[in-house]
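Quick notes on the structure that follows.
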Amino acid sequence: MSGIYIHIPFCKQACHYCDFHFSTSLQNKGLLVNSILSEIDLRLNYLPNKKIESIYFGGGTPSLLSEKETFLILEKIYKLYNVSKDAEITLECNPDDLTDEKLKELKRLEVNRLSIGLQSFDEEELIWMNRAHTAKESESSVKRAQDRGFENITIDLIYGSKFSNLANWKKTLNKAIALDVKHISSYNLTIEEKTKLGHDFKLKKEVAIDDEKSSELFLEMINRLEKNNFIHYEISNFGQEGFFSLHNSNYWKGEHYLGLGPSAHSFDGQSRQWNVSNNNIYIKRISEKNESYFEKEILTEKERFNEYVLTSLRTIWGIDLNYLSANFNTEFVKHYLNQIEKYIKQETVVINDTTYTLTEKGKLFADKIASELFV
Ligand code: SF4
45 MSGIYIHIPF CKQACHYCDF HFSTSLQNKG LLVNSILSEI DLRLNYLPNK
95 KIESIYFGGG TPSLLSEKET FLILEKIYKL YNVSKDAEIT LECNPDDLTD
145 EKLKELKRLE VNRLSIGLQS FDEEELIWMN RAHTAKESES SVKRAQDRGF
195 ENITIDLIYG SKFSNLANWK KTLNKAIALD VKHISSYNLT IEEKTKLGHD
245 FKLKKEVAID DEKSSELFLE MINRLEKNNF IHYEISNFGQ EGFFSLHNSN
295 YWKGEHYLGL GPSAHSFDGQ SRQWNVSNNN IYIKRISEKN ESYFEKEILT
345 EKERFNEYVL TSLRTIWGID LNYLSANFNT EFVKHYLNQI EKYIKQETVV
395 INDTTYTLTE KGKLFADKIA SELFV
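Laid out in structure tokens, this is it:
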């Protein structure tokens, strides 16, 4: 199973916490789409003989593409790749873009999964984040999409800003549950250096909430969502039965994927490559073909081992001892078995047959535990 990711690096305005690659000038949107179309040709041999099970428009804000632009990208992918008939086609959208007309357009394009960036239902917090939509638009966009026949909807929520406390987080979770969406991705706000929030934090105009409070919000989320038929299948992701993200699950399971567009990453099992994170340079290099538009690294066995441990431990599928033994040298496996004992004793990890997964307590320390299992 393989997937194709298309990075659309444009946004209406810059959210104050965001360090993804995007531009708020839409001037070169047409040129950039043409470059993505050219990159599809250039990358034709990246996933040889692979069936494409998922196509994911991420960003940035892919809902800023016109119908024709999205159509041209999809048309070319369908023409050149073996795309499964029931492939998952996800498009990330912001609530303010989801007009009735836009939703009709997405239906015509046969997009079958919407990822809506709600982030918060709190007006004051949305303004502080510099989001381009209101709290009312957050809720109404989901309802409009459902009325237009979109069943497979995921929403993004952020917790851990200075506005977060247990009482309002409970309200947020209740609202999210009441929206009857099938999937929720929820991230603890991180303060990234090269953002407005990072800058203000450095000047001590903003504060970070402490880990204890964050943990309280995280555990409340697990508790509340699991009681409402959501399965916590990855540290930041909750899905109802049959509605896990196929595209992201494939990342976590080490499947191969092709990334198109500026800053997009690709993985073919042995190497990782990433495109230049600059729209103009990407456009120029794709058209002139005399300078590479990506960098590439071949992964060592150690890097592959550490990546497998890090991503698998965060999921419901866990770390499989049989997989470790079949794919890595015995010294690495021995190191793993020595280290993992401590976490089993601490009850942060459980073993079921040959699979190791995090307990609820362990989920609070996922990255720390993984880093101690690294070779
Ligand atoms: S959070 Fe999304 S909409 Fe906001 S700047 Fe980042 S990519 Fe754009």
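Note that our numbering has the sequence shown beginning at 45, numbered continuously upward. Just so you know, even glycine gets a beta-carbon here, dropped at the ideal spot from N, CA and C.
With a 10 Å radius around its C-beta and 16 neighbouring C-beta atoms as the bar for buried, classify residue i as buried or exposed.
i    : result
Q163 : buried
N294 : buried
K187 : exposed
Q317 : buried
D397 : exposed
N138 : buried
P27  : Nothing about residue 27 can be reported from this structure: the residues present for the chain run from 45 to 419 only.
N267 : exposed
T234 : exposed
S331 : exposed
V251 : exposed
I171 : exposed
E119 : exposed
L290 : buried
E278 : buried
G305 : buried
A370 : exposed
L381 : exposed
T374 : exposed
E391 : exposed
N366 : exposed
State the CB to CB distance for the pair residue i and residue j, rounded to an integer number of angstroms; the pair is presumed to be in contact (CB under 8 Å).
i    : j    : result
V377 : I363 : Not quite, the Cβ-Cβ distance comes to about 11 Å (not below 8 Å), so this is no contact.
K95  : N126 : 5 Å
I84  : L124 : 6 Å
T134 : R157 : 4 Å
Y61  : M173 : 6 Å
L223 : A189 : So it is not a contact: roughly 10 Å between Cβ atoms.
N272 : I221 : 5 Å
Do you know offhand how far residue i's Cα is from residue j's?
i    : j    : result
R175 : L408 : 28 Å
T399 : I48  : 29 Å
T178 : D166 : 8 Å
E270 : T114 : 35 Å
N324 : S79  : 10 Å
D411 : E145 : 42 Å
L86  : K389 : 51 Å
V393 : I160 : 33 Å
H65  : K238 : 11 Å
G283 : H276 : 7 Å
I342 : A211 : 47 Å
I487 : L417 : Any answer about residue 487 is impossible in this case: the structure gives the chain only from 45 up to 419.
L368 : R348 : 11 Å
T355 : E299 : 12 Å
D63  : G303 : 18 Å
Y326 : Y337 : 6 Å
T68  : L357 : 36 Å
C59  : G242 : 12 Å
K112 : L75  : 13 Å
K340 : N319 : 9 Å
I202 : Y231 : 5 Å
G286 : N334 : 46 Å
K297 : M45  : 10 Å
R192 : A308 : 31 Å
N209 : E168 : 14 Å
L150 : H379 : 49 Å
K56  : R329 : 25 Å
S82  : H51  : 14 Å
Y122 : E236 : 37 Å
I253 : D200 : 20 Å
E97  : W361 : 20 Å
E207 : E132 : For the sequence presented, residue 207 should be read as Phe rather than Glu. Their backbone Cα atoms lie some 35 Å apart in a straight line.
G103 : S321 : 12 Å
F274 : K257 : 23 Å
L117 : V77  : Strictly speaking, residue 117 in this sequence is Ile, with Leu absent from that position. Going by the C-alpha atoms only, they are around 8 Å apart.
K147 : L70  : The sequence shown places Leu at residue 147, not Lys. So the two alpha carbons sit approximately 21 Å from each other.
V155 : S128 : 14 Å
I395 : T359 : 14 Å
F101 : S280 : 19 Å
With 8 Å set as the bound, which would you pick, yes or no: does the beta-carbon of residue i sit closer than that to a beta-carbon of chain D?
i    : result
W318 : No chain D appears in this structure, which consists of one protein chain only.
For the region 47-106, which segments carrying the alpha helix (DSSP H) assignment without a break, of at least 4 residues, lie completely within its bounds, in sequence order? 73-86
Alpha helix (DSSP H) runs contained entirely in the region 163-196, provided each spans 4 or more residues: 167-173 and 179-191
Residue ranges of each alpha helix (DSSP H) run of no fewer than 4 residues wholly in the region 360-384, ordered along the chain? 365-371
Contact between the region 259-268 and the region 401-417 (3+ Cβ pairs under 8 Å): yes
Write down every uninterrupted run of the beta strand (DSSP E) in the region 309-354 whose length is 3 residues or greater and which is fully enclosed by it, in chain order. 309-311, 315-319 and 338-342
Can we say the region 82-91 touches the region 298-312, given the rule of at least three CB pairs closer than 8 Å? yes
Per the contact definition of three or more C-beta pairs closer than 8 Å, is the region 138-148 in contact with the region 99-107? yes
Is the number of C-beta pairs between the region 242-251 and the region 213-233 that are closer than 8 Å three or more? no
So does the region 226-235 actually touch the region 192-203, counting three or more Cβ pairs closer than 8 Å? yes
Entirely within the region 205-282 and at least 3 residues each: give me those beta strand (DSSP E) ranges in chain order. 227-232 and 275-278
Ordered list of beta strand (DSSP E) runs contained in the region 112-161, each at least 3 residues: 126-137
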